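Residue numbers (the numbering used here), protein chains in the order written: chain A, 404 to 610; chain B, 404 to 610.
Protein chains: 2
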Amino acid sequence: VSTEGEQCGPPASPCPPGHGSCPPIVVWDEPFFQGKRHEFSTDCYSTPERGFSTVRSFRIESGAWVGFEHCGFQGQQFVLERGEYPCWEAWSGSNAYHVDRMSSFRPITCAEHGRSQLLLFEQENFQGRRGELSDDCPSLPALGWGGSAVGSFLVCSGAWVCSQYPGYRGFQYLLESDSHAGEYKHVREWGSHAQTGQVQSIRRVQQ
Amino acid sequence: VSTEGEQCGPPASPCPPGHGSCPPIVVWDEPFFQGKRHEFSTDCYSTPERGFSTVRSFRIESGAWVGFEHCGFQGQQFVLERGEYPCWEAWSGSNAYHVDRMSSFRPITCAEHGRSQLLLFEQENFQGRRGELSDDCPSLPALGWGGSAVGSFLVCSGAWVCSQYPGYRGFQYLLESDSHAGEYKHVREWGSHAQTGQVQSIRRVQQ
């Protein structure tokens, strides 16, 4: 029985007995863990080049990962923590256009849930009014952040995902402390598909 | 300049000057805050009965609310914290079937972000292995909760939203400390549309 704030029951065996060591991520080319299966333990620059034209379900056994719509870590981003993702709805969030594939992915190496800190700024290049976060924020407006946009971020530690709408809905953008010194000076630096500085929720990534 | 962990800049004026007091929730019958507009400060049992056949965008000015697919607080649930929701994707999350309406809604009165606590149990009726949470959890598997299902909940304080998939994706279910004593003995008690005990992420609601 656990009574610690963040712990949830005794650690479960990550894999069935006799399975040996578990790869961090297992993907299938059909939903609900059907069809052809492939295991990965490092970056995948292009799933088609590894023999997978589509990824329709997967399971993350360890660590936190980020998947991308296009090869080469481009396009929409999907932050993926440990668990089961049986179909597209499980990882897509509520993105405005349907993308039924994940063409590249890599680990999020700097994620550190218990020690994450980020600064946000009203304007680009760290100008204007600023705020500081060390906890998840499902609604920036509820904490007094005027307006629904952010101009720039400075990630001091850990990894964060910021989302377009409250409650972590809409497009999501990964912000990492070990990516170009944690500096995100302009909306264009949040990702190749980022078109708006609209951010209404931000949270820490759980490794 | 704010340096507190959870604060985000100085409190902004919630409404433009000269606007007077702001209603907690404002809805429009077209996306992007167009069309006919209506203000609410309490429960709405049926938006059609109030002259709204559809709700396509809204803005939450204060408090936390929960919206429902059907009248009478039935069907899919949408937890709505303060902010702007310009279109269906902003509040729907990644629910498995498209629902372009919100037919009833009410405030979440027991939400208390800084003081929320919940117990979760492997089996229904509070049986089996248990865990305790006082912080957001984007991945129950990452914290050692074996399997992807929860049997029952006991909400000690605050309000929580549990989601089907990691990262708060998929169907969401509101769990309140002031609703039948915070006891959710079986998946059927999480909501009229709840069909699965699959829960892989849980977080506190921000008032």
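Each residue gets a CB set at the ideal place from its N, CA and C atoms; glycine is no exception.
As the structure is a prediction and not an experimental result, all values here were calculated from the model.
- Residue 473 (chain B) has B:477 as its beta-bridge partners, per DSSP.
- Taking a Cβ-Cβ cut-off of 7 Å, the neighbours of residue 482 (chain B) in chain A comprise 570, given in sequence order.
- 9 Å or more divides the Cβ of residue 464 (chain A) from the Cβ of residue 511 (chain A).
- Per DSSP, reduced to three states, the secondary structure at residue 571 (chain B) is helical.
- In the displayed model, residue 494 (chain A) falls within a helix according to three-state DSSP.
- A distance below 9 Å separates the beta carbons of residue 480 (chain B) and residue 576 (chain B).
- Contact between residue 490 (chain A) and residue 435 (chain A) holds, with the beta-carbon distance rounding to 7 Å and staying under 8 Å.
- As computed with DSSP, residue 429 (chain A) is found in a beta bridge with A:442, A:462.
- In summary, no residue of the stretch 429-453 of chain B has a CB separated from any CB of chain A by less than 7 Å.
- Between residue 566 (chain B) and residue 590 (chain B), the gap from beta carbon to beta carbon reaches 9 Å or more.
- Residues of chain B whose Cβ lies closer than 7 Å to the Cβ of residue 427 (chain A) do not exist; the shortest such Cβ separation is about 12 Å.
- Annotation for residue 488 (chain A): the continuous beta strand (DSSP E) segment containing it runs 486-488.
- Between residue 541 (chain B) and residue 609 (chain A), the C-beta spacing is below 9 Å.
- Of all residues in the stretch 528-539 of chain A, only 532, 533, 534, 535, 536, 537, 538, 539 come within less than 8 Å of chain B when Cβ atoms are compared, listed by chain position.
- Here the alpha carbons of residue 430 (chain B) and residue 440 (chain B) stand approximately 6 Å from one another.
- Near chain B, meaning a CB-to-CB distance below 9 Å, the residues of the stretch 542-556 of chain A are 542, 543, 544, 545, 546, 547, 548, 549, 550, 551.
- By the criterion of a C-beta distance shorter than 7 Å, residue 539 (chain A) is surrounded in its chain by 606, 607, once the five residues flanking it on both sides are discounted.
- Under DSSP, residue 510 (chain B) takes part in a beta bridge, and its partners are B:468.
- Not one beta carbon of chain B lies nearer than 9 Å to the beta carbon of residue 580 (chain A).
- Within the stretch 485-512 of chain B, contact with chain A at the beta-carbon level (separation under 9 Å) is assigned to 485, 486, 487, 488, 489, 490, 491, 492, 493, 494, 495, 496, 497, 498, 499.
- In the same chain as residue 508 (chain B), and ignoring 5 residues on each side of it, the C-beta atoms closer than 6 Å to its own belong to 447, 468, 470, in chain order.
- A straight line joining the alpha-carbon of residue 562 (chain A) with that of residue 556 (chain B) spans about 30 Å.
- For residue 593 (chain B), the three-state secondary structure derived from DSSP is helix.
- At a beta-carbon threshold of 8 Å, the residues of chain B lying near residue 603 (chain A) are 486, 487, ordered along the chain.
- Just measuring C-alpha positions, the residue of A:594, A:504, A:530 sitting nearest residue 583 (chain A) is A:594.
- Bounds of the beta strand (DSSP E) holding residue 520 (chain A) are 520-524.
- Residue 591 (chain B) does not reach chain A, its nearest Cβ partner there being about 22 Å away, counting only Cβ pairs nearer than 7 Å.
- When DSSP states are grouped into helix, strand and coil, residue 453 (chain B) belongs to the helix group.
- Remark: C-beta atoms of residue 568 (chain B) and residue 493 (chain A) approach each other more closely than 9 Å.
- The beta carbon of residue 559 (chain A) sits closer than 8 Å to those of 520, 521, 522, 580, 585, all from its chain and outside the five residues before and after it, given in chain order.
- Restricting attention to B:433, B:460, B:484, the CA atom closest to the CA of residue 514 (chain B) is found in B:484.
- Going by C-alpha positions, residue 552 (chain B) is about 5 Å away from residue 600 (chain B).
- With respect to chain A, the C-beta atom of residue 467 (chain B) has a partner C-beta closer than 9 Å.
- A straight-line Cα-Cα distance of about 42 Å links residue 534 (chain A) and residue 432 (chain A).
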